[in-house]
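Peer 1: Each step along the sequence shown adds one to the number in the numbering used here, with nothing skipped, and position 79 is 68. Glycine included, each C-beta is placed from N, C-alpha and C at the ideal position.
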Amino acid sequence: MKDTHPSIEDKFIKMIMKKSGEERIKMGCDMNETARRLVIASVFQKDRSSSEEDIRIAILDRFYGNEVSPETKKEFIRKIRLKLDT
């Protein structure tokens, strides 16, 4: 979806590029952490008794849902479950 006017997008890119590499990385990390917290809040909103496993699987699904094959996703979920069982 592209709903930003090209001139605004251009201004935004120029503003971001004026920042140092360190500032841009920090912004990206902050955005990632915010997205992660939103997923966790959403999981708990649906079910207060959600486990750590449920949360990790939800993060995997929401961040990488269609980016990985179903087989790869199943393998990641298997590893999440194994790691939490040990």
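Taking all protein chains shown into account, decide if G70 is buried (16 or more other Cβ within 10 angstroms of its Cβ) or exposed.
Peer 2: Per the sequence presented here, residue 70 reads as Arg, with Gly not at that position. With fewer than 16 other Cβ atoms within 10 Å, it is exposed.
Peer 1: Would K22 and L73 be called neighbours here (beta carbons separated by less than 8 angstroms)?
Peer 2: It should be noted that the sequence gives Glu, not Lys, for residue 22. In this structure, E22 lies away from L73, with their beta-carbon atoms at least 8 angstroms apart.
Peer 1: Just to confirm, are R25 and I48 a CB contact at a threshold of 8 angstroms?
Peer 2: yes
Peer 1: Taking 8 angstroms as the threshold (C-beta atoms), are V32 and I14 in contact?
Peer 2: no
Peer 1: For the alpha helix (DSSP H) holding V57, just list the boundary residues, first then last.
Peer 2: That residue, V57, is in no alpha helix (DSSP H); it is neither H nor E in DSSP.
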